[in-house]
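A.B. asks: So the protein sequences, as listed, match chains A and B.
Position 115, counted from 1, in the first sequence is what the working numbering calls 502; the numbers after and before it change by one each time, with no gaps.
Position 92, counted from 1, in the second sequence is what the working numbering calls 197; the numbers after and before it change by one each time, with no gaps.
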Amino acid sequence: MKAIDVLDGGMMTTVQDLGRFGYQRYGVPTSGALDQFALRAANRLVGNPEGAAALEMTAIGPRLRFLAPATIALTGADLQARIDGQALARWESAAVEAGATLSFDGPQDGIRGYLAVAGGIDVPPVLGSRSTYTRSKLGGLDGRPLKAGDTLDVGGERPALLGGTLRLPEAERPVYGHAHELRVVLGPQDDRFTARGIETFLSSEYRVSPQSDRMGCRLTGPTIEHLRGPDIVSDGIPFGAVQVSGDGAPIVLLADRGTAGGYTKIATVIGPDLPRLAQAAPGDTVRFTRVDLDQAYAAVREQERRLASIAPAGPAPDRARLLKVAAAVAAVSARLR
Amino acid sequence: MAGEARYLAAGEAALVVEFGDAIDPAINRRVRELCLAVDRDTPEGVRDLVPTYRSLLVAYDPRVTTFDALRARLAGLEAGLAHTPAPPPRVVEIPTAYGGEFGPDLAFVAEHNGLTPDDVVAIHAGTDYLVYMMGFSPGFTYLGGMSERIAAPRLKTPRTACPAGSVGIAQQQTGIYPVESPGGWQLIGRTPVSLFDPSRRPPVVVEAGDSIRFAPVSLDEYARIQDAIRRGAWTLRVREKTA
Chain A
388 MKAIDVLDGG MMTTVQDLGR FGYQRYGVPT SGALDQFALR AANRLVGNPE
438 GAAALEMTAI GPRLRFLAPA TIALTGADLQ ARIDGQALAR WESAAVEAGA
488 TLSFDGPQDG IRGYLAVAGG IDVPPVLGSR STYTRSKLGG LDGRPLKAGD
538 TLDVGGERPA LLGGTLRLPE AERPVYGHAH ELRVVLGPQD DRFTARGIET
588 FLSSEYRVSP QSDRMGCRLT GPTIEHLRGP DIVSDGIPFG AVQVSGDGAP
638 IVLLADRGTA GGYTKIATVI GPDLPRLAQA APGDTVRFTR VDLDQAYAAV
688 REQERRLASI APAGPAPDRA RLLKVAAAVA AVSARLR
Chain B
106 MAGEARYLAA GEAALVVEFG DAIDPAINRR VRELCLAVDR DTPEGVRDLV
156 PTYRSLLVAY DPRVTTFDAL RARLAGLEAG LAHTPAPPPR VVEIPTAYGG
206 EFGPDLAFVA EHNGLTPDDV VAIHAGTDYL VYMMGFSPGF TYLGGMSERI
256 AAPRLKTPRT ACPAGSVGIA QQQTGIYPVE SPGGWQLIGR TPVSLFDPSR
306 RPPVVVEAGD SIRFAPVSLD EYARIQDAIR RGAWTLRVRE KTA
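Structure below.
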């Protein structure tokens, strides 16, 4: 059903889910949310399955009008959201009324915000996913970013109305900032770099280039030395691969990356740290720290724990305090009678 | 033949089984065989497979499995390949109208190599091309086996749009543009067959490990095939690869 009118598309607002799997062998990139933690959290907060389609909003958010009452949640970057002019908190569910307008003042922390709506954004799945891949005009809303005049449908399967607000506890919320420490597992082609090249990679500060996009995060900084050139016979590229081409500068390949490529990959950023990169703005700094696989799996478990901490808002009701309030109310009403 | 496969971590959610570091049909055959084996008997936690010239990337869910567990399972599948040979690869015939409006660079390719346009067509359509892998863009095939006698440099100024189905040559490579895209290949012909259609299952007509054979057709035949495809009344000609 028609649920949201797009009054302004914003800078780059696309429909994304967790990605398109099973077709990389045919050259179809996975796409999907760049910040998968934020997408999963947003869906959980509104009672959707984790992989439901939501909106990924980049830096300058859209302006949206809700045509029907909805339960929504904003996660990821702080783009300074407002509902009818009132500030709207992130990382917790909120009820909005029919006719309400959602707008954004601009990025305050991070650059990619996520908006989930109970029921999920309903566009036709393409090859099993609703994610938008703009380069090939696949998925999402006609394979392109949202623009003024679009209308979005929300899935018919409305989740049960939530009793109250769900929230991610304050302590579990990411703060992005402008200096990003990323953990990496070395390989698969770390043996194609000199010891000095690896040392440079792990000890230098790199800067996010403005030429970064959903395909990759380009970095500038000290040149990483190859052992015998940057070319390999083409090889598959995972989400987070750190590719070093002939100019010796690293690029971290993201959701819209090509499925395979012919440049050496020195390392792979671990999944739980990819959201930081998704939130890195041009000019931010990046440092890489080496971890082993066991440490990476521990980080995955830690991220799952954080997601699982989503719970109804407010401290557990204090029985003694409630009784005192009830007694006071009873006393007042007795006096009024 | 090629030696032991190498298992390399590609982060905590993917691993690479590397069979070699060369463009070689024997290495590529092992990639295809393991890929098919994993398709038949998929270990728990595997999310996706990316077969390439010489390696298989296996993406997995680290909440479900680990590098060590998956390596053990894949090594088992690899060892079993000797007893369960993969089905023979297919040769898919791609009807192609050469020259004219569809192949504006055919004359250049001929001249560049001191051949006639008919020679170029005969050479190009006279051999099977192995699909080593797909990538670059959805449905694009990396083909091996083109004769050096029809090699030609890329265009100095790439075209802003090459129509879907365009068949081109760039250096020692030949390929087909699956969807309309900009490009610098010398265009020698065009096929009415759609190489990538997301509404089809699978969305492609050839897969890694198959071969392509270009079959010259006249403009009339091209139009007839195109019409039959639109009506859903056309089937690709496919044969098993022998030898």
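Ideal placement from N, C-alpha and C gives every residue a C-beta, glycine not left out.
(1) Quick check: what's the CA-CA separation for Q277 of chain B versus P416 of chain A?
(2) What did DSSP end up calling L260 of chain B once you bin it into helix, strand or coil?
(3) Can the beta-carbon of P193 of chain B be found closer than 9 angstroms to that of T340 of chain B?
(4) In this structure, does DSSP put H217 of chain B in helix, strand or coil?
(5) Please compile the residues from chain B whose C-beta is within a distance smaller than 7 angstroms of the C-beta of I657 of chain A.
(6) Helix, strand or coil for S523 of chain A, going by three-state DSSP, please let me know.
(7) Do we get a CB-CB distance below 9 angstroms when we pair G603 of chain A with the residues of chain B?
(8) Do we get a CB-CB distance below 9 angstroms when we pair F626 of chain A with the residues of chain B?
(9) Taking 8 angstroms as the threshold, find out whether the region 423-438 of chain A comes into contact with the region 242-252 of chain B through three or more Cβ pairs.
(10) Within 10 angstroms of its Cβ, does K652 of chain A collect 16 or more other Cβ (buried), or is it exposed?
(11) Taking the Cβ atom as the reference point for each residue, do R159 of chain B and V136 of chain B lie within a distance shorter than 9 angstroms?
(12) Would you tell me roughly how many angstroms separate the C-alpha atoms of E691 of chain A and A468 of chain A, rounded to the nearest one?
(13) Quick one: is T676 of chain A buried, meaning 16 or more other Cβ sit within 10 Å of its Cβ, or exposed?
(14) To the nearest angstrom, how far is the alpha carbon of K534 of chain A from that of Q576 of chain A?
(15) Could you confirm whether any beta carbon from chain A is found closer than 9 angstroms to the beta carbon of L113 of chain B?
(16) Taking any Cβ of chain A, which residues in the region 244-264 of chain B have a Cβ under 7 angstroms from it, in chain order?
(17) With DSSP as the reference, label V687 of chain A as helix, strand or coil.
(18) Please work out which residues of its chain come closer than 7 angstroms, Cβ to Cβ, to E138 of chain B, disregarding the five sequence neighbours upstream and downstream, and give them in chain order.
(19) Can the beta-carbon of R318 of chain B be found closer than 9 angstroms to that of I128 of chain B?
(20) Give the residues from the region 506-523 of chain A that approach chain B closer than 7 angstroms (Cβ to any Cβ), ordered along the chain.
(21) The beta strand (DSSP E) that contains S286 of chain B, what's its start and end?
(22) Classify P659 of chain A as helix, strand or coil using the three-state DSSP reduction.
(23) Can R264 of chain B and G208 of chain B be called in contact, C-beta distance under 9 angstroms?
(24) Can you pull the chain B neighbours of D529 of chain A, defined as C-beta to C-beta under 7 angstroms?
(25) What span of residues does the beta strand (DSSP E) with P637 of chain A cover, start to end?
(26) Along the chain, which unbroken stretches of the beta strand (DSSP E) at least 3 residues long are found entirely within the region 131-206 of chain B?
(27) Taking Cβ positions only, does S621 of chain A come closer than 9 angstroms to chain B?
(28) Let me check understanding here. Comparing Cα to Cα, which of A:L461, A:R663 and A:D643 lies closest to S418 of chain A?
(29) Quick one: which chain B residues come within Cβ less than 7 angstroms of Q411 of chain A?
(30) Please state whether the Cβ-Cβ distance between G623 of chain A and L514 of chain A is less than 9 angstroms.
(31) Taking the CB atoms as reference points, tell me whether A629 of chain A and L614 of chain A lie closer together than 9 angstroms.
(32) Would you mind sorting P287 of chain B into buried or exposed? The rule is 16 or more other CB atoms within 10 Å of its CB.
(33) Cβ of Q291 of chain B within 9 angstroms of Cβ of G273 of chain B?
(34) Please go through the same chain and pick out, in chain order, the residues whose beta-carbon is closer than 6 angstroms to the beta-carbon of I638 of chain A, but skip the five residues on each side of it.
(35) Short of 7 angstroms Cβ to Cβ, which residues in the region 120-144 of chain B face chain A?
(36) Whole angstroms is fine: what's the gap from E285 of chain B's alpha carbon to S299 of chain B's?
C.D. replies: Looking at the coordinates:
(1) On the second sequence, position 172 is the one that residue 277 of chain B refers to. On the first sequence, position 29 is the one that residue 416 of chain A refers to. So the two alpha carbons sit approximately 26 angstroms from each other.
(2) By one-based count along the second sequence, residue 260 of chain B stands at place 155. Here L260 of chain B sits in coil by DSSP.
(3) The sequence position of residue 193 of chain B within the second sequence is 88, counting from 1. The sequence position of residue 340 of chain B within the second sequence is 235, counting from 1. Their beta carbons are not under 9 angstroms apart, which means P193 of chain B does not touch T340 of chain B by this criterion.
(4) Here the question's residue 217 of chain B lines up with position 112 in the second sequence. Three-state result, H217 of chain B: helix.
(5) Position 270 of the first sequence holds residue 657 of chain A. Result: G116 and E117.
(6) Position 136 of the first sequence, counting from 1, holds the residue named residue 523 of chain A. Three-state result, S523 of chain A: helix.
(7) In the first sequence, counting from the first residue as 1, residue 603 of chain A sits at position 216. Closer than 9 angstroms: no.
(8) On the first sequence, residue 626 of chain A is found 239 positions in, with the first residue counted as 1. With 9 angstroms as the cut-off, F626 of chain A counts as an interface residue toward chain B.
(9) The answer is no - the region 242-252 of chain B does not touch the region 423-438 of chain A, with fewer than three Cβ pairs under 8 angstroms.
(10) The residue given as residue 652 of chain A occupies position 265 in the first sequence. When all chains shown are included, K652 of chain A counts as buried.
(11) In the second sequence, residue 159 of chain B corresponds to position 54, counting from 1. In the second sequence, residue 136 of chain B corresponds to position 31, counting from 1. Yes; because the gap between Cβ atoms is below 9 angstroms, this pair is in contact.
(12) If you number the first sequence from 1, residue 691 of chain A lands on position 304. If you number the first sequence from 1, residue 468 of chain A lands on position 81. Going from the Cα of E691 of chain A to the Cα of A468 of chain A covers about 27 angstroms.
(13) Position 289 of the first sequence, counting from 1, holds the residue named residue 676 of chain A. That one is exposed.
(14) Within the first sequence, numbered from 1, the residue matching residue 534 of chain A stands at position 147. Within the first sequence, numbered from 1, the residue matching residue 576 of chain A stands at position 189. Take the alpha-carbon of K534 of chain A and the one of Q576 of chain A: they are about 41 angstroms apart.
(15) Start at 1 with the first residue of the second sequence, and residue 113 of chain B comes out as number 8. Chain A places a beta carbon closer than 9 angstroms to that of L113 of chain B, counting this residue as a contact.
(16) Look at the region 244-264 of chain B: the residues with a C-beta under 7 angstroms from a C-beta of chain A are G244 and F245.
(17) Along the first sequence, read from residue 1 onward, the residue named residue 687 of chain A stands at position 300. Helix.
(18) By one-based count along the second sequence, residue 138 of chain B stands at place 33. The beta carbon of E138 of chain B is closer than 7 angstroms to those of L186 and A191 in its chain, skipping five residues each way along the sequence.
(19) On the second sequence, position 213 is the one that residue 318 of chain B refers to. On the second sequence, position 23 is the one that residue 128 of chain B refers to. No, the pair does not count as a contact, with Cβ atoms beyond the cut-off.
(20) Residues of the region 506-523 of chain A with a C-beta atom less than 7 angstroms from some C-beta of chain B are V513, L514 and S523, listed in chain order.
(21) Taking the second sequence and counting its residues from 1, the one referred to as residue 286 of chain B is at position 181. According to the DSSP assignment, S286 of chain B belongs to the beta strand (DSSP E) that extends over S286 to G288.
(22) Here residue 659 of chain A corresponds to residue number 272 of the first sequence, with the count starting at 1. Helix.
(23) Here residue 264 of chain B is taken as the residue at index 159 of the second sequence, counted from 1. Here residue 208 of chain B is taken as the residue at index 103 of the second sequence, counted from 1. No, the Cβ-Cβ distance between R264 of chain B and G208 of chain B is not below 9 angstroms.
(24) What you label residue 529 of chain A is simply residue 142 of the first sequence in a count that begins at 1. Result: empty, since nearest Cβ-Cβ is about 13 angstroms, beyond 7 angstroms.
(25) On the first sequence, position 250 is the one that residue 637 of chain A refers to. Run containing P637 of chain A: P637 to L640, per the beta strand (DSSP E) assignment.
(26) DSSP runs (the beta strand (DSSP E)) wholly in the region 131-206 of chain B: 151-156, 160-165 and 195-203.
(27) One-based indexing of the first sequence puts residue 621 of chain A at position 234. Taking Cβ atoms only, chain B reaches closer than 9 angstroms to S621 of chain A, which makes this a yes.
(28) Taking the first sequence and counting its residues from 1, one reaches residue 418 of chain A at position 31. Out of A:L461, A:R663 and A:D643, A:D643 has the C-alpha closest to the C-alpha of S418 of chain A.
(29) For the purposes of this step, residue 411 of chain A is taken as residue 24 along the first sequence, with counting starting at 1. Residues of chain B passing the Cβ test: D153 and V155.
(30) To locate residue 623 of chain A, count along the first sequence from 1; it is residue 236. To locate residue 514 of chain A, count along the first sequence from 1; it is residue 127. No.
(31) Mapped onto the first sequence, residue 629 of chain A falls at position 242. Mapped onto the first sequence, residue 614 of chain A falls at position 227. According to the sequence as given, residue 629 of chain A is Val; it is not Ala. No. Outside cutoff.
(32) Here the question's residue 287 of chain B lines up with position 182 in the second sequence. Per the 10 Å Cβ criterion, exposed.
(33) Within the second sequence, residue 291 of chain B is the residue found at index 186, counting from 1. Within the second sequence, residue 273 of chain B is the residue found at index 168, counting from 1. Yes, Cβ-Cβ distance for Q291 of chain B and G273 of chain B is below 9 angstroms.
(34) The count along the first sequence starts at 1 and reaches residue 638 of chain A at position 251. Exclusion of the five residues before and after I638 of chain A leaves G603, R605 and Q630 as the residues of its chain whose Cβ lies within less than 6 angstroms of its Cβ.
(35) For the region 120-144 of chain B, residues whose beta-carbon sits nearer than 7 angstroms to a beta-carbon of chain A comprise V121, D126, A127 and I128.
(36) By 1-based counting over the second sequence, the position of residue 285 of chain B is 180. By 1-based counting over the second sequence, the position of residue 299 of chain B is 194. Rounded to the nearest angstrom, the two C-alpha atoms are 11 angstroms apart.
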